[in-house]
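Structure first, commentary second.
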Amino acid sequence: MAIMIPSVISPEVKSSAERRVFKWFQNSPQTDNWIVLHSLGISTHNKVIYGEIDFFILVPRMGLFALEVKGGRVRRENGIWLFTNKYGETNSKVRGPFDQAKDGVFSIVSALKKRLNSDHRYLSNVFFGFGVMFPDIEYEAAGIDEEQWQVFDSRDANHVKSFIERLADGARRKWESVYGNFDESRLPTAEDVRYLASLLRGDFDYAISMIAQLRTADEALVTLTKEQYRCLDQLDDNPRCLIHGPAGTGKTLLAVEEVKKSAAKGEQTALFCFNSNLAEWLKSYFDDMPETLRPKYVGTLHKFMIQTVKERGVSLQTPQGKVGVQEFYQKDLPRATLKALCKAEEHFDKIVIDEAQDLICVDYLSVINACLRKGIVRGHWTMFGDFSMQAIYANGQSGAKMKELLEDYTSFSRFRLTLNCRNTKPICEEIQTVTGFEAPTGLWTKVDGPPVDYITYTSSEDQRDKLADLLNQLTDMSIEPGRITILSPHRRENSVVSLLNRFDIRDFSIKENNSITFCTIQAYKGLENTVVILTDIEDFSMDKLMYVGLSRARSGLYIMQSKPASKEYLTLLQRRLFRE
Numbered sequence: 002m003a004i005m006i007p008s009v010i011s012p013e014v015k016s017s018a019e020r021r022v023f024k025w026f027q028n029s030p031q032t033d034n035w036i037v038l039h040s041l042g043i044s045t046h047n048k049v050i051y052g053e054i055d056f057f058i059l060v061p062r063m064g065l066f067a068l069e070v071k072g073g074r075v076r077r078e079n080g081i082w083l084f085t086n087k088y089g090e091t092n093s094k095v096r097g098p099f100d101q102a103k104d105g106v107f108s109i110v111s112a113l114k115k116r117l118n119s120d121h122r123y124l125s126n127v128f129f130g131f132g133v134m135f136p137d138i139e140y141e142a143a144g145i146d147e148e149q150w151q152v153f154d155s156r157d158a159n160h161v162k163s164f165i166e167r168l169a170d171g172a173r174r175k176w177e178s179v180y181g182n183f184d185e186s187r188l189p190t191a192e193d194v195r196y197l198a199s200l201l202r203g204d205f206d207y208a209i210s211m212i213a214q215l216r217t218a219d220e221a222l223v224t225l226t227k228e229q230y231r232c233l234d235q236l237d238d239n240p241r242c243l244i245h246g247p248a249g250t251g252k253t254l255l256a257v258e259e260v261k262k263s264a265a266k267g268e269q270t271a272l273f274c275f276n277s278n279l280a281e282w283l284k285s286y287f288d289d290m291p292e293t294l295r296p297k298y299v300g301t302l303h304k305f306m307i308q309t310v311k312e313r314g315v316s317l318q319t320p321q322g323k324v325g326v327q328e329f330y331q332k333d334l335p336r337a338t339l340k341a342l343c344k345a346e347e348h349f350d351k352i353v354i355d356e357a358q359d360l361i362c363v364d365y366l367s368v369i370n371a372c373l374r375k376g377i378v379r380g381h382w383t384m385f386g387d388f389s390m391q392a393i394y395a396n397g398q399s400g401a402k403m404k405e406l407l408e409d410y411t412s413f414s415r416f417r418l419t420l421n422c423r424n425t426k427p428i429c430e431e432i433q434t435v436t437g438f439e440a441p442t443g444l445w446t447k448v449d450g451p452p453v454d455y456i457t458y459t460s461s462e463d464q465r466d467k468l469a470d471l472l473n474q475l476t477d478m479s480i481e482p483g484r485i486t487i488l489s490p491h492r493r494e495n496s497v498v499s500l501l502n503r504f505d506i507r508d509f510s511i512k513e514n515n516s517i518t519f520c521t522i523q524a525y526k527g528l529e530n531t532v533v534i535l536t537d538i539e540d541f542s543m544d545k546l547m548y549v550g551l552s553r554a555r556s557g558l559y560i561m562q563s564k565p566a567s568k569e570y571l572t573l574l575q576r577r578l579f580r581e
């Protein structure tokens, strides 16, 4: 693979054509020792010596090549260049892309000659050329200042290596037609290429800020994938459907879209979930929606049951203290709700359930069956769940067993979500390392982001100090406090956060969107934030809990681990590498 300088494309680059070309060079096979310099917003850099070259390619035994990229529709009329973008807006220029590329390469080579040291004076005669890339159109060279071998267009697909080889061959034949025999010593070696790139690197490569990396990753992850659109289409055709997929595949987003479609039809719709924090987020989301898109009920199934029991006046003995709480919510409350629903005349036209892996059991299904028009057998319902790694409240019940419970009621359609559209590639890789979760090859997102950072501590005080340093660093990077969430397997009073006094860290709430927040991993299930800091990690043995915690981060993930945990991580990393 080619060496890309810089290694990631700047969020300031808005041209989708440039982004595609960058990716093509980045993934092009058999380009070892090639170096690809991208302008990366260099027009704002105060030390640049040129400002119009999109890509500068340095290839051993071929030469140096400046490339200008023009996306959208391009045409030339009466010597005037006309460029039309995706919005249909057209602008004109007298000076065209071939002139830009030609002037740019001469400018670069001229500047290089002035920078050569005494050991590399021979490179003052290095071979060079230029070309223009039109990835969106077919372009036929017509002017006296352009040749077809200098053109890359839509017919070339993503074959950038072949284009550079064609460009090098054409430039050499052009030189020979003018000057005669070609001197092979003008072709740079791999060492020459590295040296020349080192002279130019400062003009192309400067650090991309963390906030820019996070913003770019967030933007790339925010849109619905084609897979999710197919899922929505399938839901239109099937009255009963089970959607299953790992964390980050967009289940909650799809549940919300399904509820809005149902409500827009005038249907009495319920959206049930398990986690109270997720319920708070969902309620806040729909509060901002027009009434025509709001469900009749949105929240946890448990809250719905409590409300139903109270409204119907059914007596229910609540537990005192912690004793009997589990029995109350799993047995007593559903039974009381069934009694209350016997008195109800209204039923939901449709029920949508998120976090279904935490709600599929005999007693809860009985409640859902009783409040749904035509019941589970013939009624309209859609359930979304992760039956592999997120069933942390399932009391040991397997995903297969849950599906069997549904099958005992009725037949239903199934759709599997496979593409992670929440987490960046580095986060996906760490989920695989720590939990051993072996996803299908195409599951993980291709969106790049900052690397996952493991921070090892030796004591509670050491963890406190390192967490404080990290929060200061994130603040210095201009990360907004509301985009940072600290998670722990322990309650606040037992976590490292209880030792921090210098920071305003609020307990997580949907309303707390301007402060750094804290939450347990368990209570944060189903939610996400741009930056997540996992704290108090003494070991990695609870793989399902770690799976939930790691997958809450969209773009930035920090893991504060004990020294024994750091040794355990090395073992887990070896396990993953051997599997690969």
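Just add 1 to the spot in the sequence shown (first one is 1) and you have my numbering. In this text, a Cβ means the ideal position worked out from N, Cα and C, and glycines have one as well.
For residue i, name the three-state secondary structure that DSSP assigns.
i	result
Q269	coil
E69	strand
F519	strand
Q562	strand
Q321	coil
I511	coil
V95	coil
G314	coil
A554	strand
M478	coil
E539	coil
S125	helix
N118	coil
F504	coil
C422	coil
D454	strand
T45	Residue placement at T45 is flagged as unreliable, the pLDDT there being 34, under the threshold of 50; the coordinate-derived value follows with that caveat. DSSP places T45 in helix when its eight states are reduced to three.
H39	strand
N495	helix
H348	coil
M384	strand
E529	coil
Y330	helix
According to the Cβ coordinates, are residue i and residue j closer than 8 Å?
i	j	result
V310	A280	no
F385	D364	no
R465	G249	no
A67	F131	yes
Y525	L501	no
P61	L124	no
V532	R484	yes
G72	A142	no
F23	I10	yes
N276	F509	no
L334	I377	no
I456	L475	no
G400	S414	no
V127	P98	no
I54	E69	yes
E259	L236	yes
I138	R74	yes
V315	A341	yes
R295	A256	no
At what residues does the beta strand (DSSP E) containing residue i begin and finish?
i	result
V133	F129 to F135
S389	That residue, S389, is in no beta strand (DSSP E); it is neither H nor E in DSSP.
N370	No beta strand (DSSP E) holds N370; the alpha helix (DSSP H) holding it covers V363 to C372.
F23	Looking at the DSSP string, F23 is not in any beta strand (DSSP E); the run it does join, the alpha helix (DSSP H), is S17 to N28.
I6	I4 to I6
I145	Per DSSP, I145 belongs to no beta strand (DSSP E) and is neither H nor E.
Y410	No beta strand (DSSP E) contains Y410, which is instead part of the alpha helix (DSSP H) from G400 to Y410.
Identify the continuous alpha helix (DSSP H) that holds residue i and give its terminal residues.
i	result
Y180	V161 to Y180
C278	At residue 278 the sequence reads Asn, which differs from the Cys that was named. Segment S277 to D288, the alpha helix (DSSP H) holding N278.
D449	Segment: none, D449 is in no alpha helix (DSSP H) and carries neither H nor E.
R379	G376 to R379
R336	L334 to L342
Checklist entry - Between the segment 396-408 and the segment 265-277, are three or more C-beta pairs nearer than 8 Å? => result Here the segment 396-408 makes no contact with the segment 265-277; the two share fewer than three CB pairs at distances below 8 Å.
Checklist entry - Three or more beta-carbon pairs under 8 Å between the segment 539-546 and the segment 562-571, yes or no? => result Segments in contact, yes.
Next on the checklist: Does the segment 376-385 come into contact with the segment 239-257, if we say contact requires no fewer than three beta-carbon pairs (one atom in each stretch) closer than 8 Å?
Outcome noted: Output reads yes: the segment 239-257 touches the segment 376-385.
Checklist entry - Is there contact between the segment 179-188 and the segment 113-120, where contact requires at least three CB pairs shorter than 8 Å? => result Look at the beta carbons and you see the segment 179-188 not touching the segment 113-120: under three pairs across the two are nearer than 8 Å.
Checklist entry - Using 8 Å as the threshold, is the segment 166-173 in touch with the segment 148-157, meaning 3 or more CB pairs across them? => result Yes: the two stretches touch, three or more of their Cβ pairs being nearer than 8 Å.
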